[in-house]
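For the sequence shown, the working numbering gives the first residue as 59, with consecutive numbering after it.
Don't be surprised by glycine CBs; every beta carbon is placed ideally from N, CA and C.
It should be emphasised that the depicted structure is a prediction, and the values quoted were computed from it without experimental measurement.
See structure below.
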Amino acid sequence: MTWGDTHELRLGHALQGGRRLLEWQGPALVGVLNVTPDSFSDAGHHAGSAQAVAAGLRLRDEGALIVDVGGESTRPGATGVDEDEELRRVLGVVEALAGEGVVVSIDTRKPRVAAAALKVGAAIVNDVGGLANPDMARACADAGAAVIVVHMQGEPRTMQADPEYHDVVSQVERFLLERARAAMEAGVSSVVIDPGIGFGKNLGHNLTLLGATGRLAAHAYPVMVGASRKSFIGQITSEEVATQRVPGSVAAHLWAAANGAALLRVHDVAAHAQALAVWGAIETVGSGGRKT
Ligand code: HH2
């Protein structure tokens, strides 16, 4: 990681993904690489594989510990993509990035896509379906891959229609812990939990869940938070253009980092790396000031 020598006081995290043991201190960045024609904030940016690979290497160079490659948009209203098309979009990109030494996570809900990506070098599966498909945990266990279990209420096509919870934190927490335990029982050795900001949640749900980052982080699993450019930031700030939501994204992620998030899934890696470097320096070197 790129925080110089100031990180020894931070919380240590580890993930076993295939043959790779990934260890880091404090919050780390996961760079988003969407190879889709319809993602909500970066659709069609990486039309060809070569462009996508270059973008992935740039994310790594800017400070991403992991690059998350996705071939299916899960934005609200998205209708899903067929398996062969998703494989066509992601496999070459995953293989090339892994070949360059990048730690790759594959963002998919399909066990066959996950298995194929793991075979060509991905180390982690990021399942926004929260292991809804029972074959997913087995595919990850067989490959020795780490899993990111995400909470989503409903399906992307309809999830933002009118999401309802009686106690959003307890319900999301219970879901994540149950699915994480199921993954471990299926033989997965490393599990990350993610409350799924924007996946079947209204503004109040998203803010309440971000506010509960510390509660989620108190369990045995590293917590990932993905607030990057999402519409709740637009709702708070009236910024309608997703790419203009970088300051709001940084604010949400720093808040989550300060409350124990281990992984921050972001589109704008350079901006977040700078923010984390400054926050980390104050947190570590400046924390003595709290005592006086
Ligand atoms: N959010 C998105 C996709 N994958 N994975 C995790 N673990 N957590 C998230 O919050 C998360 C995720 C949605 O963002 P994006 O990939 O930018 O958009 P799209 O789904 O339209 O490609």
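Taking the CA atoms as reference points, GLY245 sits about 13 Å from ARG237. Listed in chain order, the non-local C-beta contacts of PRO169 below 8 Å within the same chain comprise ASN191, ASP193, MET194, ARG196, ALA197, local neighbours out to five positions each way being set aside. Residue pairing by DSSP places VAL324 opposite GLY89 in a beta bridge. Of the residues PRO280, ASP326, SER99, the one whose Cα lies closest to the Cα of VAL249 is PRO280. For ASN184, the enclosing beta strand (DSSP E) begins and ends at 182-185. The alpha helix (DSSP H) runs of length 4 or more contained entirely in the region 170-211 are, from start to end of the chain, 192-201. Per the Cβ contact rule, the region 109-116 is not in contact with the region 69-78 (fewer than 3 Cβ pairs under 8 Å).
DSSP places VAL226 in the uninterrupted alpha helix (DSSP H) bounded by 226-243. For the pair VAL139 and ASP165, the CB atoms are not nearer than the 8 Å cut-off. Relative to the ligand HH2, the nearest heavy atom lies less than 7 Å away from the CB of HIS325. Beta-bridge partners of ASP165 (DSSP): GLY128, ASN184. Between VAL162 and the set GLY150, ASP126, GLU222, the nearest pair of CA atoms involves ASP126. Taking VAL327 as the centre and dropping the five residues before and after it, the same chain places the C-beta of LEU87, GLY89, LEU117, GLU120, GLY121, ALA122 closer than 7 Å to its C-beta, in chain order. If you measure from each CB to the nearest heavy atom of the ligand HH2, the residues under 6 Å come out as VAL90, ASN92, THR94, SER97, PHE98, SER99, GLY128, SER131, THR132, ARG133, ASP165, ASN184, VAL186, ILE206, VAL208, ASP252, GLY254, ILE255, MET282, GLY284, ARG323. Pairing ALA181 with ALA203 gives a Cβ-Cβ distance under 8 Å. CA-to-CA, the gap between GLY84 and LEU145 works out to about 33 Å. Annotation for GLY135: PRO214, ARG215, GLN218 place their beta carbon closer than 8 Å to its own, counting only its chain and skipping 5 residues before and after.
Between the region 220-229 and the region 252-266 there are three or more inter-stretch CB-CB distances shorter than 8 Å, so the stretches are counted as touching.
THR137 sits exposed, since fewer than 16 C-beta atoms from the chains shown fall within 10 Å of its C-beta. DSSP places GLU297 outside any alpha helix (DSSP H), giving it a letter other than H or E.
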